[in-house]
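What follows is a single structure, written as C-alpha cells, with notes after it.
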Amino acid sequence: MKVAVFAEALWPWGEGGGELATYLYAVGLRELGAQVRVFVRRGGPPPRGLEVVELGGAGTRKFHVPPLAARRALEWADVAYFASAYWELIPLAKRVGRKAVVHLHSYEPACPMGTLYNWGAGSVCRAEERRCWSCIWHTERALGRSILRALASQAANVPAAPLFVRALRSADAAVFVSEAQRRLLVAHARDLPKSYVLYNPAPRLSYSPPAGRGIGYFGGLNPLKGYRVLLEAWRRLGLDGELHMTRAEGLRDPLRGVRVYGSLSPEELDSLYLKIWAVAVPSIWEEPFSYVALEGLVRGRLVVASKAGGLPEVLEGAPGTFLVPRGDPAALAEALERSLEADAEELGAKNREVALRRFDGLRQAEKLMRIMES
Numbered sequence: 001m002k003v004a005v006f007a008e009a010l011w012p013w014g015e016g017g018g019e020l021a022t023y024l025y026a027v028g029l030r031e032l033g034a035q036v037r038v039f040v041r042r043g044g045p046p047p048r049g050l051e052v053v054e055l056g057g058a059g060t061r062k063f064h065v066p067p068l069a070a071r072r073a074l075e076w077a078d079v080a081y082f083a084s085a086y087w088e089l090i091p092l093a094k095r096v097g098r099k100a101v102v103h104l105h106s107y108e109p110a111c112p113m114g115t116l117y118n119w120g121a122g123s124v125c126r127a128e129e130r131r132c133w134s135c136i137w138h139t140e141r142a143l144g145r146s147i148l149r150a151l152a153s154q155a156a157n158v159p160a161a162p163l164f165v166r167a168l169r170s171a172d173a174a175v176f177v178s179e180a181q182r183r184l185l186v187a188h189a190r191d192l193p194k195s196y197v198l199y200n201p202a203p204r205l206s207y208s209p210p211a212g213r214g215i216g217y218f219g220g221l222n223p224l225k226g227y228r229v230l231l232e233a234w235r236r237l238g239l240d241g242e243l244h245m246t247r248a249e250g251l252r253d254p255l256r257g258v259r260v261y262g263s264l265s266p267e268e269l270d271s272l273y274l275k276i277w278a279v280a281v282p283s284i285w286e287e288p289f290s291y292v293a294l295e296g297l298v299r300g301r302l303v304v305a306s307k308a309g310g311l312p313e314v315l316e317g318a319p320g321t322f323l324v325p326r327g328d329p330a331a332l333a334e335a336l337e338r339s340l341e342a343d344a345e346e347l348g349a350k351n352r353e354v355a356l357r358r359f360d361g362l363r364q365a366e367k368l369m370r371i372m373e374s
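See below:
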C-alpha cells in the first residue's frame, strides 16, 4: 500500500499533538510494510527513515493555493491521508480515484479556531448559539495576536469554514481522536463520512522515578489550557513546593514557588521530569486528546486533569489519576494536594503500564491501516 500523508508540518518541526501523532503513525505504517511518503507545507530535515517532501504552496495552512505537484503526489498513492493540511485536495483525490482518509486532531473544520469554545459564555460552543465572528476575535486576541491579524482571521475563516466541511464530507473516512471529540464535532457538522475513533499512539519515552515533588504544567500561556485556574489553585495551596511551567516565559510576577521555562528540548524535558511528582492538565475547553496527559502517564507520573473532552478517555484505567471539574480552582487545589500525598512511584509505574498497553504505537498504526484498507 502506498500512503501519501499530507500535513502542515511533521514532528519535531511542528510541536502540536497532531504533528507528533502524524509522525508516529507514519513510522508505524512504514514498519507495517506500507510505502509512506509525507508531504508537508513546511519543515526541516526529515526524521530518519521517513521520506518527506516539502510540497509548499502559496498562502497559509488553511488558505493557500496548492502546487502543481499535488496532483502527482495523489496519483502516486493508493491512499491520501490528510492529517492537518491540504484539505482542499480531498475532492481532487476522489477525482483521480484515490481513497481519502481525514484525521481530525481538533474541532476544525466545524470551528474555524478548532476549539468549539464559546468565549462569551465561557463554555462549550453549542450549535444553536454559534458566534464565530466574536469567538475568532477573542481567540486571536487571547493568543496575543494583533488587531489586524484578528480582523483578517475573521474575514477569512467565517466564509471558508463551510467549504472545508463540504470537502470533508467527500472523504471516504473521518478519524477522530476520542469519542468526546466525535460527539461534539458531529453535533456541529452533520452528514460526515463514515467515522472511527482511534486514540493517538504513545511516544517512546524512557522512565525514571521522580526525584522531586514538583507539579509540572506544559500547556503554555494559552488561556484554554487553564493556566490561570492552575495559578489560582497554587495560590490557595500555599505550598513550599515548586510548580514548573514550560512555554510560559511571558508570565509576569510568578507566585512563590513557580518556576518558569521557555520551550525545552527533549533532553531538557527529561531532566525536568525528574523534579515532577504530578502533571497538571487543567484545560477549560473540550480537549479532543491530550499528549501532555498521555506523556505524563508514559513517564510514570501522577496526572491531575480536568474532566473535559477526551481527557477522561486518555486517563481511563490508570490508577494514579485525579479528575476535577473544569475551571474550579478549589477542586484543582484539593486534587493537587491529594496527588502530593499519594505514592507517585508505585501508582506512576502502573500508569505507565496502562498507557503503554492502551496506546501501543504499532497496534494503533495497525488499526489505522485497517481503516485505510476498508
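Numbering follows full-length UniProt numbering, with no gaps: position 24 of the sequence shown is 24.
Even for Gly, the Cβ is constructed at its ideal location relative to N, Cα and C.
{"Query": "What number of angstroms, rounded off, separates the C-alpha of G28 from the C-alpha of R98?", "Result": "21 Å"}
{"Query": "For my contact list, V165 and P109 are in at a C-beta cut-off of 8 Å; report their separation, rounded to the angstrom.", "Result": "5 Å"}
{"Query": "Of the residues R169, A180, A161, which one's Cα is nearest the Cα of P91?", "Result": "R169"}
{"Query": "How many Å lie between K225 and I284 at the Cα?", "Result": "6 Å"}
{"Query": "Count the other C-beta atoms from every protein chain shown that fall within 10 angstroms of the C-beta of R357, then say buried if there are 16 or more, exposed otherwise.", "Result": "exposed"}
{"Query": "Give the straight-line distance between the Cα atoms of G250 and Y261, rounded to the nearest whole angstrom.", "Result": "9 Å"}
{"Query": "Taking the alpha helix (DSSP H) that R183 falls in, what are its first and last residues?", "Result": "179–188"}
{"Query": "Please look up how many angstroms separate the CB atoms of Q364 and P201, rounded, as I've assumed it's under 8 Å.", "Result": "4 Å"}
{"Query": "Below 8 Å on the Cβ atoms is my guess for L323 versus P312; work out the distance and round it to an integer in Å.", "Result": "6 Å"}
{"Query": "Quick check on the DSSP output: the alpha helix (DSSP H) that includes I276 runs from which residue to which?", "Result": "From DSSP, I276 is part of no alpha helix (DSSP H) but of the beta strand (DSSP E) over 276–281."}
{"Query": "What alpha helix (DSSP H) runs, 4 residues minimum, are completely inside the region 264–333?", "Result": "266–273, 291–298, 311–315"}
{"Query": "What separation, rounded to the nearest whole angstrom, lies between the Cα atoms of E346 and H105?", "Result": "32 Å"}
{"Query": "My assumption, with CB atoms under 8 Å, is that G214 sits in contact with H188. Please give the rounded CB distance.", "Result": "Actually they are not in contact, since the Cβ atoms of G214 and H188 sit about 39 Å apart, beyond 8 Å."}
{"Query": "Are the region 206–221 and the region 270–284 in contact at 8 Å, needing three or more beta carbon pairs?", "Result": "yes"}
{"Query": "According to the neighbour-count rule (16 or more other Cβ atoms, all chains shown, within 10 Å of its Cβ), is P209 buried or exposed?", "Result": "exposed"}
{"Query": "Please report the straight-line C-alpha distance between S265 and G327, rounded to a whole angstrom.", "Result": "30 Å"}
{"Query": "Roughly how many whole angstroms lie between the Cα atoms of R30 and V36?", "Result": "6 Å"}
{"Query": "Using the three-state DSSP reduction, which class does V354 fall into: helix, strand or coil?", "Result": "helix"}
{"Query": "Who does M245 pair with in a DSSP beta bridge?", "Result": "Y217, V260"}
{"Query": "Cβ atoms of R352 and V298: under 7 Å apart, would you say?", "Result": "yes"}
{"Query": "DSSP on L104, reduced to helix/strand/coil?", "Result": "strand"}
{"Query": "Quick check: P329 and A233, are their CB atoms within less than 7 Å of each other?", "Result": "yes"}
{"Query": "Since V96 is in the beta strand (DSSP E), which residue starts that stretch and which ends it?", "Result": "First-last for V96: undefined, no H or E at that position."}
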